[in-house]
Amino acid sequence: MKKAVALSLAVAMVIGMVTGCGSADGQNQNAETENSTDVVETENAQEGAEASGDADGSGETYKIGVIQLTEHAALDAANEGFVAALDAAGINYTIDQQNAQNDQSACQTIAEKLVNDGNDLILAIATPAAQAVAGATEEIPVLVTAVTDPADAGLVASNEAPGNNISGTSDLTPVKEQIELLTKLLPEAKKVGILYCSAESNSEFQADLATAACTEAGLETEIFTVSSSNEIQQVVESMVGKVDVLYAPTDNTIAAGMATVTMVANDNGLPTICGEEGMVDAGGLATYGINYYEIGYMAGEMAVDILVNGADVSTMPIGYLSADKCTLKTNQETADMLNIDLSVLD
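Take the sequence shown: its position 274, counted from the start at 1, is 274 in the working numbering, and no numbers get skipped.
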């Protein structure tokens, strides 16, 4: 029942306003920021780097921890946006950047480290990272970003009034509009294969939305899931001949493994409609989605409000991007390979 209510609310939200979107195994990264958002890779997932922002004149230095689930374009952009907002505010801060390389046990270890280090605030990027931090502290203010539905993920009491030490920004994509994009580009398509990682609750949530949108559009659907990046090639190969088009939401495992997805799909004439633009850059056909830098920047502004102004995180609603922040992204090279006419979108 709880899931059904959450789904109903999300569908209403998507219809009412177009809102926001979220890995092969990645290299570990730590960010060393001196008034910049440059990311420097390291070899140890448990090692972070400290960085300072501009002085704001208060003389206080804030200690911030960041846990990012994995490395791919969307999550990296959210991280960069967060740091940019801190710099724009002119505050003094140190930041400990940690990347879990899409490893659940590493998420737990990193979360405990950031809590034990006594950070003033923790940013968690992507749902599994956020769930790990939520289980590690009820005291330190926690902001999340690239989390599709924090309430459905069990992170907050409600997205309108979190009621605990967690808030942040959602990457809920305009799923209905993405399915409409699919029908415009592929009017002959009858059956859609929906691909995601079964370990990510945010992806199952989006898959339910996509199924509902496809049903409304008169399309059949079939669900295909992987439990890890190692299964991507085999599962995509199993889709060939069974479906007319592949839909991949903002799933972190699929996003980081898009090179594998598109290698198989494009070679077999199977177009892919994606949840976010980084997946299109990796060979997907098209998306209509959010800007991850923007949701990261919004989370950074929330962090400044909490740290500098003493804002109560428990009363801060989850933030969503407005329609004017969503953009159409297509891949002409992929379209040419699949003989698909993108001019129908003009």
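From the three backbone atoms N, C-alpha and C, an ideal C-beta is built for every residue, glycine too. Everything numeric in this text was worked out from a predicted model, so none of it was measured.
Residue i, DSSP secondary structure in three states
i, result
"N102", "coil"
"N119", "coil"
"C326", "coil"
"T169", "strand"
"G300", "helix"
"K190", "coil"
"N92", "strand"
"E276", "coil"
"L321", "coil"
"E333", "helix"
"I126", "Looking at the sequence itself, residue 126 is Ala, so the reference to Ile does not match. Residue state, collapsed to three classes: coil."
Same chain, Cβ closer than 8 Å to residue i, neighbours up to 5 away in sequence not counted
i, result
"E204", "Y196 and S198"
"S238", "F224"
"V243", "K191, V192, G193, E222 and L270"
For residue j and residue i, the rounded distance between their alpha carbons
i, j, result
"E139", "V235", "42 Å"
"K191", "V240", "12 Å"
"T169", "D341", "35 Å"
"T137", "D96", "17 Å"
"T221", "I194", "7 Å"
"D87", "K184", "42 Å"
"D312", "T211", "37 Å"
"A157", "P317", "11 Å"
"A89", "V304", "7 Å"
"V308", "F82", "15 Å"
"G275", "D251", "8 Å"
"I110", "D336", "44 Å"
"D267", "I166", "44 Å"
Run of the alpha helix (DSSP H) containing residue i, from where it starts to where it stops
i, result
"T253", "N252 to A256"
"E139", "Taken as a continuous stretch (DSSP letters only), E139 belongs to no alpha helix (DSSP H), as it is neither H nor E."
"E237", "I232 to M239"
"G81", "A73 to A89"
"I179", "V175 to L185"
Residues near residue i in its chain [Cβ-Cβ closer than 7 Å; skip 5 each side]
i, result
"A124", "I67, A130, V133, V142 and V144"
"T272", "L246, A248, V261, T262, A265, G284 and L285"
"N230", "none"
"E294", "G81, L321 and K325"
Close Cβ partners of residue i (< 6 Å) along its chain, the five nearest in sequence each way excluded
i, result
"A146", "G22, L75, A78, I125, A126 and D171"
"A207", "I194 and Y196"
"E329", "In the sequence as displayed, the identity of residue 329 is Lys instead of Glu. Excluding positions up to five away in sequence, the list reads E277, V280 and T287."
"G420", "Look at the range of the chain in this structure, 1 to 346, and you will see that residue 420 is not part of it."
"G59", "none"
Bounding residues of the beta strand (DSSP E) (the contiguous stretch that carries residue i)
i, result
"K63", "T61 to Q68"
"T287", "A286 to G289"
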